[in-house]
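In the numbering used here, the protein residues as written are 18 to 560. Backbone N, C-alpha and C fix where the C-beta goes; we use that ideal spot for every residue, glycine too. Since the model is a prediction, treat every value here as computed from it, not as a measurement.
Below you can see the structure in the form of structure tokens.
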């Protein structure tokens, strides 16, 4: 299907493709790109909730030009009938009853709900909306702990895991203690200042105008003034601290606990890829543990223009929930089987917002990635949140080991952008890599769906990957003849470039040109991607 020039004359007239057959993207003259950084001001709450859909030259925010694409392209081609694209979301579970998701959830039309029979003979009983490979399991150890527990097998992985364990455990314990102390100090200072200021909710401006009358009040004012540098309100600050305490508590109780057994409840042998009769059809799982997956699903395809909540990136999408990721490290077996499930049941895009740094059965996952490639399925994967250079560190799943040749052309790795254009454009937590991260997309403070009809800001490369999965789904909806490898190239080649030197690894003293932070050196842009896809589909541009 080709976007006809007559239908999108305005869009084509302002195409960012420089010349016939070229895939060099020229957003604006470079001096104008550089000046964008000077125009950025603090974002309001409303702006933050939408920034990932904004347009860099128009809004001075490095979003993906989603709104521009809908206004200038999709609204002009309404008479064209895009195909519906199924996106497999391999995650912690998805609240399929959420008000903004319930109408975009995939339904297996060949399965009769609740009859206890595998009607479509796909090997999964009553998989009406997907499959849950974790059963009733929620929490898990990190892979390095599982490796240690199996004993010394003489492998490099065992030696590395053993060396890292004590450091990680002590770090989690220290961080938990530190967060608890900070929360206690914040609570005490907040109680004092509420009395002094005569209000429960106060702002940084209130503190600046306040004249403390006692040493205690002066100390509390100084402490809370510093805290406002991290959050906009005391309530938000307390929430962040409590979530941090919960995170490190979970690490100590589950992820790094050598005695914890999270898998036996599932009832399978995770080291046997042929043991496939496990799991169930409850794709929500425990709603408390479904926040991550629900948030990811909303970024991709929360129902657009329904007057509630927020809009996902993509129309014409059905979300296929595949519960795969516990609170802890996922099992290679679950990931491999989940990819195959999504592929075999019609997904054309798979989102993987997870990852780990040990993979005992990585070949199973590689085989599944190759299987997806053979079936023309694109896999979009989060780069990870450890501020690491992936050219020097392997993260799994991946499409190569130690910078060797890629095993397939259908695997797209995504780093996270911050909403401030310029030196701080790469999120401090985001992994990066000239060879092993393909593109960057919005991933800092992203507003999306959470269980029980909720909405929340979350951040991570976990949020950047589904934004790109949404772009991929739209390309595949309008241009179904384009192959997965072509869609990957289109997304990489159509992004926006930048001449900025950016901070990498969260280290202000370590800067490189943005072009060296990823293989493409670009930020994903839906508007550009649709224009380039149109040209490739029409045979006017060869990738």
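Going straight from the alpha carbon of residue i to that of residue j, what length do you get?
i           : j           : result
residue 559 : residue 183 : 52 Å
residue 165 : residue 423 : 30 Å
residue 495 : residue 115 : 27 Å
residue 343 : residue 157 : 6 Å
residue 241 : residue 249 : 11 Å
residue 517 : residue 442 : 9 Å
residue 56  : residue 458 : For residue 56, the predicted model reports a pLDDT of 46, less than 50, meaning its position is unreliable and no value from the coordinates is stated.
residue 381 : residue 346 : 16 Å
residue 556 : residue 244 : 56 Å
residue 272 : residue 205 : 31 Å
residue 144 : residue 236 : 59 Å
residue 136 : residue 151 : 22 Å
residue 547 : residue 175 : 46 Å
residue 139 : residue 256 : 44 Å
residue 81  : residue 505 : 16 Å
Return helix, strand or coil for residue i, following the three-state DSSP convention.
i           : result
residue 175 : helix
residue 9   : Outside the shown range of the chain (18 to 560) lies residue 9, about which nothing can therefore be said.
residue 91  : helix
residue 63  : helix
residue 151 : coil
residue 367 : strand
residue 361 : helix
residue 297 : strand
residue 457 : strand
residue 516 : coil
residue 340 : strand
residue 193 : helix
residue 123 : coil
residue 467 : strand
residue 274 : coil
residue 44  : Interpretation of residue 44 is limited by its pLDDT of 37, a score under 50 that renders its predicted location unreliable; no figure is taken from the coordinates.
residue 423 : coil
Tell me whether residue i is buried or exposed, calling it buried when 16 or more other Cβ atoms sit within 10 Å of its Cβ.
i           : result
residue 124 : exposed
residue 310 : buried
residue 375 : buried
residue 377 : buried
residue 147 : buried
residue 109 : buried
residue 320 : buried
residue 286 : exposed
residue 163 : buried
residue 95  : exposed
residue 117 : buried
residue 98  : exposed
residue 69  : buried
residue 535 : buried
residue 539 : buried
With residue i as the anchor, note down where its alpha helix (DSSP H) starts and where it stops.
i           : result
residue 257 : 251 to 267
residue 433 : Looking at the DSSP string, residue 433 is not in any alpha helix (DSSP H); the run it does join, the beta strand (DSSP E), is 428 to 434.
residue 503 : 501 to 510
residue 396 : Segment 395 to 399 is the beta strand (DSSP E) holding residue 396; no alpha helix (DSSP H) there.
residue 447 : Looking at the DSSP string, residue 447 is not in any alpha helix (DSSP H), and its letter there is neither H nor E.
residue 480 : 478 to 495
residue 163 : 160 to 166
residue 383 : 379 to 391
What are the boundary residues of the beta strand (DSSP E) that includes residue i?
i           : result
residue 108 : 102 to 108
residue 529 : 524 to 530
Tell me whether residue i counts as near the ligand ZN, meaning its Cβ is closer than 7 Å to at least one heavy atom of that ligand.
i          : result
residue 82 : Within the structure as shown, the ligand ZN is missing, as the structure has no ligands at all.
Quick one: any contact between the segment 541 to 552 and the segment 510 to 525, if contact means 3 or more CB pairs under 8 Å?
These segments touch.
Between the segment 167 to 185 and the segment 125 to 140, do three or more beta carbon pairs fall short of 8 Å?
Segments in contact, no.
Mind the definition here: the segment 275 to 294 touches the segment 75 to 82 only if three or more C-beta pairs lie below 8 Å; say whether that holds.
They do not touch, by the three-pair rule.
The segment 181 to 197 / the segment 205 to 221 touching (three or more Cβ pairs under 8 Å)
No, because fewer than three Cβ pairs between the segment 181 to 197 and the segment 205 to 221 fall closer than 8 Å, the two stretches do not touch.
If contact is defined by three or more beta carbon pairs under 8 Å, each pair taking one atom from either stretch, is the segment 432 to 450 in contact with the segment 318 to 335?
No, the segment 318 to 335 is not in contact with the segment 432 to 450.
Kindly confirm or deny that the segment 407 to 417 and the segment 483 to 500 touch, where touching means at least three C-beta pairs closer than 8 Å.
The answer is no - the segment 483 to 500 does not touch the segment 407 to 417, with fewer than three Cβ pairs under 8 Å.
The segment 465 to 476 contacting the segment 379 to 395, beta-carbon criterion three pairs below 8 Å:
These segments do not touch.
So, does the segment 194 to 212 touch the segment 286 to 302, judging by three or more C-beta pairs under 8 Å?
Short answer: they don't touch.
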